[in-house]
Structure formats: structure tokens, C-alpha cells
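These protein sequences, in sequence, are chains R and G.
When the first sequence is numbered by the numbering used here, its final residue is 434 and no position is left out of the sequence of numbers.
When the second sequence is numbered by the numbering used here, its final residue is 434 and no position is left out of the sequence of numbers.
2 protein chains.
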Amino acid sequence: MAYSGAVDKPGLRERKKQRTREALIDAAYSMFCANGFDATTVDQIAEAVEVSPRTFFRYFTSKEDVALSLADEQITTTLEGFAAQPADLPVLIAMRRAAVEVARAYESETTDSDRVRYLRMQDLISASPALMAACVERAAARLDEVARLIGVRMGVDPAVDPRPYLVASVTLCAVPAAVNAWRATGRDAPDSELIGQAFGLLSAGLDHPADLA
Amino acid sequence: MAYSGAVDKPGLRERKKQRTREALIDAAYSMFCANGFDATTVDQIAEAVEVSPRTFFRYFTSKEDVALSLADEQITTTLEGFAAQPADLPVLIAMRRAAVEVARAYESETTDSDRVRYLRMQDLISASPALMAACVERAAARLDEVARLIGVRMGVDPAVDPRPYLVASVTLCAVPAAVNAWRATGRDAPDSELIGQAFGLLSAGLDHPADLA
DNA sequence: ACGGCAGATGCCAGTGTCTGCCAGTATGAC
DNA sequence: GTCATACTGGCAGACACTGGCATCTGCCGT
């Protein structure tokens with residue numbers, strides 16, 4: 222290496238790739254928000270970044286992929302936070318804390334572009350059924366992983382006791398849907414609070430009335 | 222009308238349409254099961270029934286549609302059963318009863334073709350991510366309808382109180398996912414039992430241990 | 001510093017889903 | 001029998017996505 226200042230310089234090729242990837246995401250989000258997800262074609266996104274359409278598919282496996290790349294990171298971060306919670310916490314409480322932490326982190330993001338992009342993504346997913354489906358599909362793909370983590374905390378084996386799968390399903394699928402609906406009801410509380418409330422209801426049992434604070 | 226014997230004869234045209242529709246579903250299921258969902262093309266299905274591919278799309282909006290036509294009916298039936306439950310039952314209990322009833326009805330279906338087709342559908346959906354996604358997309362499309370029904374029973378307005386949406390999401394999305402995972406764990410209990418257990422856990426609150434009977 | 005290597009990209013052709021459009025045919029109403 | 005209507009087929013085309021091949025460029029050993 223030339224001079225050892227940085228910990229590990231990624232190399233020119235790698236940086237260029239990263240820039241292309243970011244540019245594709247940015248262009249895609251702009252156009253999705255301007256014209257809608259369905260009305261935006263891959264060709265248009267590629268043209269905006271001045272790469273060939275073929276190249277787009279070398280960075281993202283599908284049109285949905287570019288829209289949900291942020292959501293994926295979010296899930297990953299949440300799971301890391303979940304695993305790091307104190308071991309004596311009940312499962313849903315631990316999951317709630319992790320989810321709320323992540324939402325708060327995005328909400329208080331200093332750089333505008335990150336925070337705005339996060340909010341845009343929420344709206345995009347809400348607006349497009351195709352995206353919503355893709356979102357759940359990706360979540361389902363991680364169901365095993367999540368169930369395993371939950372099983373560890375519950376002290377049971379997901380292969381024998383199905384409860385981890387139930388909790389995993391609820392977390393991955395029902396909570397986002399509920400938060401989405403919640404936002405639709407007009408309350409403009411930040412997502413972090415809505416997430417907290419959704420978990421609260423689940424934790425208490427859905428049939429028992431709970432205060433909505 | 223010609224002669225008023227039957228209550229309302231659907232007419233030749235209508236009957237022919239119904240036959241075409243059934244034939245398409247049958248052919249599709251056979252080929253899906255034989256070669257898989259993805260490996261089966263619309264052209265092949267159309268050719269098997271001797272209609273043009275164009276006509277296929279006049280009966281079904283997509284390839285997924287033909288595979289999920291049964292699931293749609295199932296949801297509809299469940300919702301009807303839900304609305305018919307005694308009004309003093311808690312929401313999840315009522316939903317559980319309705320869902321279990323429907324599953325039982327299919328399991329004890331007298332005509333083999335219906336029962337077999339139901340089981341085939343389950344396996345198809347489990348096996349194909351694309352189908353799973355479409356399934357969720359359709360469920361999401363009915364979220365408002367379900368939330369409205371639940372709101373009536375809870376005595377709250379879904380436009381103000383988001384809890385109906387939470388329950389609806391859980392019912393439409395988390396429960397099927399959990400049941401699916403449950404089946405994957407190897408237990409070969411009938412779906413009706415798995416559904417019942419899943420609702421039981423939700424009703425009690427996910428953090429409290431519950432017997433899995 | 002040079003040359004070869006591997007990865008990144010572009011271009012092209014092709015598959016498969018799905019949608020308008022227009023014309024031909026069959027059904028039901030009179 | 002006649003006519004409007006609905007159903008159908010065939011065609012052209014948009015769009016997502018994939019494989020193959022040629023080209024170029026950053027990377028690395030010598």
C-alpha cells in the first residue's frame with residue numbers, strides 16, 4: 222500500500238462501484254417519488270445514472286430490490302440490536318426496544334438525505350402493493366434467521382416449539398403493517414412511537430383492552 | 222325467458238364461461254404440481270385448455286391469480302363466518318373459530334378433487350416465493366375490508382383506533398406464515414389445529430407461556 | 001514499468017408476463 | 001330472421017429479466 226493512514230482503503234474499483242450503487246438508489250428514489258413505482262422503468266433509472274440497463278441488474282436483482290435496499294439494512298440492524306438486549310428481557314420487550322432504537326436512530330439522523338430517504342421509503346411502500354408484497358417476501362425469507370434468534374432468547378428450539386416462528390412472523394409482518402395503518406389514520410407521531418405501541422398491544426394480548434397513550 | 226322451471230338458468234354463454242374457468246384452474250394446478258409454478262408458462266396452460274393465451278388473461282389477471290383463486294374464496298368464506306359469530310365473543314376468539322371452521326370444512330371435504338386441490342395449493346404456495354408474495358399482496362388488498370369487520374365487533378372506528386388494523390394484519394399475514402412454518406417443522410397435524418393454536422398464543426399474549434396442547 | 005488477469009460494463013438477442021387494439025364469431029333478445 | 005352484445009383470437013408492443021460475448025479498466029506479479 223502507498224501510505225498507511227486509513228485503516229483499509231477500499232480501492233478505486235470498489236469505491237466506484239459504491240458510487241454507482243448509491244447513484245442508482247438516489248435516482249430510483251427520485252423517480253419513484255415523482256412518478257410512482259410502477260410508472261418508473263428500469264431503463265429510465267439506468268439512463269439517469271448513465272449506465273446500461275443490464276448493469277442495473279448487476280447491482281440489484283430486481284426493481285423492488287433497489288427500493289427495499291434500505292429496509293433490508295433496517296431489519297439487519299434491528300436484529301443485531303435484538304441480540305444485544307439484556308438476556309432476561311421478555312422476547313417482545315427486547316424486540317420492541319431494538320425496533321424502537323432503530324427507528325429513533327433514523328429519525329434523528331443528522332444528514333438530511335438519509336432521513337428523507339427513509340421517510341420516502343415508507344411512503345413508497347405504503348403506496349405500492351407490489352412493493353408491500355416484495356417487502357413481506359423478503360421478510361419471509363429471513364423468517365428462519367429471526368426465529369432462530371428468538372428461539373435462543375426463549376430458550377426453546379424452533380424446530381420443536383413453533384412459538385418463535387409465530388413471534389417472528391408477527392414482528393416481521395404484522396408490526397410494519399400495523400404501523401403503516403396507524404400512520405394512515407392521520408396521527409403524525411413518529412414511527413418509533415407507533416412501533417412501541419404496536420408491540421405493547423401484542424405483548425398484552427390482542428383481546429385485552431390497552432391504553433393507546 | 223323461455224320456460225320458468227329452474228330458479229334462474231345461467232344461460233349457455235355463462236355456463237361455457239364457467240367451464241372454461243374451471244378447466245383453466247384444473248390445467249394450471251396439474252401443471253404447477255407436475256413442473257412447478259415458475260416452470261409453467263401461461264401459453265402452456267392456455268394450450269392445454271385450447272384457448273388463446275390472450276383469453277387466459279380475460280379470466281385471470283395474472284398467473285398468480287389462477288393459483289390463488291382458491292385462497293381468495295377461502296378468505297371470503299372465513300370473513301363471512303367471522304361476521305356470523307356471536308357478537309359477545311372476543312375478536313380473536315371469533316376469528317379463530319371462523320378460520321378453524323373453514324379449514325375443517327376443507328379437510329373433511331367429501332369430493333376428493335376439492336380436498337386434494339386445497340392441499341396442493343398449500344404446497345404450491347410454500348414452494349414458490351413468487352406465489353407467497355402474491356398471496357400477501359392479495360391479503361394486503363383486503364386489509365381495509367377486514368379491519369372494518371373487526372372494528373364493528375370491537376365497537377371502534379378503524380379510522381381512529383388502529384387496533385383493528387393490527388388484528389387484521391396478524392390474521393391475514395402472521396397466522397398463515399406461522400402455520401406454514403409450523404408445518405415445515407415436520408408436525409403433520411391438520412391445518413385446522415395449527416391455526417387454532419396460533420390464535421391461542423396471540424390471544425394470550427405472546428410473552429406469556431401457553432400450553433401447546 | 002510492463003503485461004497479463006480478473007472484474008466490471010456494454011451490447012445484443014431472447015424469454016415470459018401482461019396489455020391495447022381490431023376484427024371475426026357466437027349468443028341472447030326482439 | 002335480425003341485430004346488438006359479449007366473447008374470442010391474433011397481432012403488436014411494453015417491460016422485467018437473463019445469458020453470452022466483446023471490451024475496457026483497475027489490479028497485481030514480475
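For glycine and all other residues, C-beta sits at the position ideal for the given N, C-alpha and C.
| Query | Result |
| --- | --- |
| Proximal residues of chain R, C-beta to C-beta of alanine 353 of chain G below 7 Å | The question names alanine, but residue 353 of chain G in the sequence shown is methionine. Chain R residues near methionine 353 of chain G: Glu358 and Ala361. |
| Residues within the stretch 298 to 320 of chain G neighbouring chain R, beta-carbon criterion of under 9 Å | Pro311, Val312, Leu313 and Ile314 |
| Aspartate 247 of chain R - DSSP class collapsed to helix/strand/coil | helix |
| Contact set between alanine 380 of chain G and chain R, taken where Cβ atoms lie within less than 7 Å | Thr406 |
| Residue span of the alpha helix (DSSP H) that contains cysteine 356 of chain G, given as start and end | 350 to 362 |
| Glycine 426 of chain R in three-state terms, based on DSSP | coil |
| Closest by C-alpha distance to aspartate 418 of chain R, when choosing among R/Ala244, R/Ala320, R/Asp382 and R/Ser349 | Sequence check: residue 418 of chain R is glutamine here, not aspartate. Checking every option, the nearest Cα to that of glutamine 418 of chain R belongs to R/Ala320. |
| Alanine 324 of chain R vs aspartate 412 of chain R beta-carbon contact at 8 Å | yes |
| Chain R contacts made by the stretch 416 to 427 of chain G, where a contact means CB separation under 7 Å | Ala419, Leu422, Leu423, Ser424, Ala425, Gly426 and Leu427 |
| Residues near glutamate 268 of chain G by beta carbon distance below 7 Å, same chain, minus five either side | none |
| Sub-8 Å separation of leucine 453 of chain G and leucine 387 of chain R beta-carbons | Here chain G covers residues 222 to 434 and nothing more, so residue 453 of chain G does not appear. |
| Under 9 Å (Cβ pairs) to chain G, residues found in the stretch 388 to 399 of chain R | Val388, Ala389, Ser390, Val391, Thr392, Leu393, Cys394, Ala395, Val396, Pro397, Ala398 and Ala399 |
| CB contact below 8 Å: proline 411 of chain G versus chain R | no |
| Nearest residue (CA-CA) to tryptophan 403 of chain R, options R/Val263, R/Tyr327 and R/Ser347 | R/Ser347 |
| Per-residue burial, alanine 434 of chain G [other beta carbons within 10 Å of its own, 16 or more giving buried] | Reliability of the predicted coordinates at alanine 434 of chain G is poor, the pLDDT of 36 falling under 50, and no value is obtained from them. |
| Proximity below 8 Å, CB of alanine 395 of chain R to CB of alanine 244 of chain G | no |
| Own chain residues within Cβ distance below 6 Å of proline 397 of chain G, not counting five before or after | none |
| Min CB distance alanine 176 of chain R to chain G below 8 Å | It is not possible to answer for residue 176 of chain R, since the shown part of chain R is limited to 222 through 434. |
| Nearest candidate by alpha-carbon position, reference threonine 261 of chain G, set G/Val287, G/Thr276 and G/Thr241 | G/Val287 |
| Unbroken alpha helix (DSSP H) run spanning glycine 302 of chain G, endpoints | 284 to 305 |
| Collapsed DSSP secondary structure at phenylalanine 258 of chain G in the structure displayed | coil |
| Residue range of the alpha helix (DSSP H) that includes valine 270 of chain G | 263 to 270 |
| Nearest-angstrom Cα separation, counted from tyrosine 280 of chain G out to phenylalanine 253 of chain R | 31 Å |
| CB-CB length for valine 357 of chain R against alanine 255 of chain G, believed under 8 Å | Going by Cβ atoms, the distance from valine 357 of chain R to alanine 255 of chain G rounds to 28 Å, so no, they are not a contact pair. |
| Helix, strand or coil at valine 321 of chain G [DSSP, three-state] | helix |
| Option in R/Ile371, R/Thr406 and R/Gln343 with minimal Cα separation from aspartate 478 of chain R | A question about residue 478 of chain R goes unanswered here, because the residues of chain R that appear run from 222 up to 434. |
| Cβ pair glycine 372 of chain R, aspartate 378 of chain R closer than 8 Å | yes |
| Range of the contiguous alpha helix (DSSP H) that encloses valine 399 of chain G | Inspection of the sequence shows that residue 399 of chain G is occupied by alanine rather than by valine. Residues 396 to 405. |
| Option in R/Glu414, R/Thr406, R/Phe258 and R/Gln306 with minimal Cα separation from lysine 284 of chain R | R/Phe258 |
| Neighbouring residues, chain R, relative to tyrosine 386 of chain G (Cβ below 9 Å) | Ala398, Ala399, Asn401, Ala402, Trp403, Ala405 and Thr406 |
| Extent of the continuous alpha helix (DSSP H) run through proline 311 of chain R | Note, proline 311 of chain R: premise wrong, no alpha helix (DSSP H); not H, not E. |
| Cβ of alanine 260 of chain R within 8 Å of any chain G Cβ | no |
| Under 8 Å between C-beta atoms of leucine 427 of chain R and serine 390 of chain G | no |
| Extent of the continuous alpha helix (DSSP H) to which leucine 393 of chain R belongs | Premise fails: leucine 393 of chain R is in no alpha helix (DSSP H) and is neither H nor E. |
| Exposed unless 16 or more other CB atoms sit within 10 angstroms - verdict on alanine 308 of chain G | exposed |
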